Ligand code: AMP
Ligand code: MG
């Protein structure tokens, strides 16, 4: 049986300092844990073949499919504000699969062994974090948020040593590309202007082909990436997603969410929420994400300076003019999304205030973010506090000022307020069953309900419940 892989590897045709050709390190005893059959279909791949011995050998890095040219990508990045040389330390890009519709996607193995960029690391990944990325990236996709996808997770039959011995695993990740802000930082810092330009031309051709004939294509590119990032982070904020490690190497130029390490969804609304155990200063707290996205875009702009104009001063001026628009752009996207969440079709000056008041009340009374909007959407508003009731009245009055039927309003709300998100305790429960007890059924059920977050079905109700109160704050750990 043929899996229908169809590789054409444009990244491998970039100047050679952008990568190191290297094969995954074979593993002793691969076994399939989960395969994303619907994604396989979308990509024109044969799920049956992928689930077979040869398919699994590819996911494990034991076999290289025809046409693939495995390599590790070079990149740099600001990690918690500090610039470092990085690169794929535990990932291998097999190449680009071109789907029957002509769409080009990166196929990457994560956890596939050491590379020249591994520094002290073992190049491997543990099963729990790889399943976590699988669950959350697929949930994000279902929430209609641009994201890398997960095609499969296999175990390696080997252990990885973290604070204890854990089962090793490899995730097959599918992405529009793995070009990062950090890829541009790498070129700007360590390579020639010609190489930087080759990278930019490549990225424009691959992701922003309309810019190929723009008067200043690099300025166009900067603007487009900025728009994509502003739109993306607005979407994160609207569903309460906290990425957890918004380093510049974890920010794609395609505008997809990437690298699900310590990410998690917020329960109670609180802008200071941080889940990551390593983010001790709260740099990547929920409320900071839009500012950090703007900071990252500024780093991106810096790396493009040599291409924006031959005179540095003029280049800086051009870049500053663009990035100064980020906050307004972000707010426009966010406000648009918030209006939709509240069933508002028209725009009024006072809307921002109305939204701000709701958020403030949620913060004050420690209300669950997702479920507050869910309650409004299904008309099951149960807040007893007078302030909440007053707000509800003002919202009703605001709605009366638009010429929309109740059905239209509630339909709009259902499309923008997820009935369910991957609640942290549910994800942990699924991971514990799968990674510690070899029972995948809990995860499979969770994946099933997360596929249709806007469906508002009866069987989802169980999954909409917020976590039981706990005195131990939820913590996530970097997916190493
Ligand atoms: P991340 O925090 O996953 O974005 O990774 C940051 C950098 O550390 C990237 O260059 C990774 O390739 C590298 N890295 C993370 N975990 C490992 C590991 N187990 N072995 C080698 N490199 C790693
Ligand atoms: Mg990363």
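Residue numbers (our numbering): 7 to 486. By construction, the Cβ of each residue, glycine as well, lies at the ideal position given by its N, Cα and C atoms. Values in this document were obtained by computation on a predicted structure and should not be read as measured data.
query: Under three-state DSSP, which class holds residue 173?; result: strand
query: Residue 293 to residue 301, Cα distance in whole Å?; result: 14 Å
query: Any residues whose CB sits closer than 6 Å to a heavy atom of the ligand MG? List them in chain order?; result: 255, 256, 265
query: Give the DSSP-derived three-state secondary structure of residue 110 in the structure shown.; result: strand
query: Evaluate contact between the segment 36 to 53 and the segment 74 to 87, counting only Cβ atoms and requiring at least three cross-stretch pairs below 8 Å.; result: no
query: Go to residue 398, then tell me how far its alpha helix (DSSP H) extends in each direction, as first and last residue.; result: 392 to 406
query: Mapping the DSSP letters down to three states, classify residue 47 as helix, strand or coil.; result: helix
query: Let me make sure I understand the geometry here. Which of 361, 157, 470 has the alpha-carbon closest to that of residue 345?; result: 361
query: Once the 5 residues before and after residue 75 are set aside, which same chain residues still bring their CB inside 6 Å of it?; result: 15, 18, 101
query: Return the chain-ordered list of same chain residues with a C-beta closer than 8 Å to the C-beta of residue 127, the five sequence neighbours on each side being excluded.; result: 95, 96, 120, 486
query: Less than 9 Å between the beta carbons of residue 158 and residue 41, yes or no?; result: yes
query: In angstroms, rounded to a whole number, what distance separates the CA positions of residue 110 and residue 103?; result: 6 Å
query: Look at the alpha carbon of residue 457 and the alpha carbon of residue 231, and state the distance between them as a whole number of angstroms.; result: 28 Å
query: Suppose you measure from the CA of residue 79 to the CA of residue 422; what does that come to, to the nearest Å?; result: 37 Å
query: Report yes or no: do the segment 147 to 156 and the segment 257 to 276 share at least 3 C-beta pairs separated by less than 8 Å?; result: yes
query: Return the bridge partner residues of residue 163 from the DSSP annotation.; result: DSSP, once it has assigned bridges, lists no residue as partnering residue 163.
query: For a test of the three-state rule: what should DSSP assign to residue 282, helix, strand or coil?; result: strand
query: Return helix, strand or coil for residue 197, following the three-state DSSP convention.; result: coil
query: Using a threshold of 8 Å, is the CB atom of residue 309 nearer than that to any non-hydrogen atom of the ligand AMP?; result: no
query: If you draw a straight line from the C-alpha of residue 183 to the C-alpha of residue 392, how long is it?; result: 50 Å
query: Looking at C-beta atoms only, is the number of pairs between the segment 307 to 325 and the segment 220 to 231 that lie closer than 8 Å three or more?; result: yes
query: Could you give the distance in angstroms between the alpha-carbon of residue 236 and the alpha-carbon of residue 134?; result: 31 Å
query: Cβ of residue 374 within 8 Å of any heavy atom in the ligand ATP?; result: In terms of ligand content, the structure shown lacks the ligand ATP and carries the ligand AMP and the ligand MG instead.
query: Hey, is residue 240 close to the ligand AMP, as in C-beta under 8 Å from one of its heavy atoms?; result: no
query: Between residue 33 and the ligand AMP, is the CB less than 8 Å from at least one heavy atom?; result: no
query: Might you give, ordered along the chain, the residues of its own chain that have their beta carbon closer than 8 Å to the beta carbon of residue 375, omitting 5 neighbours on each side?; result: 246, 272, 273, 274, 275, 368
query: What residue range does the alpha helix (DSSP H) around residue 103 cover?; result: First-last for residue 103: 97 to 104, but that is the beta strand (DSSP E), not the alpha helix (DSSP H).
query: Can you grab the Cα-Cα spacing for the pair residue 234 / residue 290, in whole Å?; result: 19 Å
query: Would you identify the three-state DSSP class for residue 470, choosing helix, strand or coil?; result: helix
query: Note the first and the last residue of the continuous alpha helix (DSSP H) segment covering residue 458.; result: It is not in any alpha helix (DSSP H) - residue 458 carries neither H nor E in the DSSP assignment.
query: Indicate, with yes or no, if the ligand AMP has a heavy atom lying under 8 Å from the CB of residue 114.; result: no
query: What separation, rounded to the nearest whole angstrom, lies between the Cα atoms of residue 31 and residue 207?; result: 32 Å
query: Could you give the residue range of the beta strand (DSSP E) that holds residue 249?; result: Premise fails: residue 249 is in no beta strand (DSSP E) and is neither H nor E.
query: Tell me, please, whether the segment 136 to 150 touches the segment 445 to 453 by the rule of three or more beta-carbon pairs shorter than 8 Å.; result: yes
query: Tell me the rounded alpha-carbon separation between residue 425 and residue 177.; result: 28 Å
query: Closest by CA to residue 11, which one among 283, 322, 69?; result: 69
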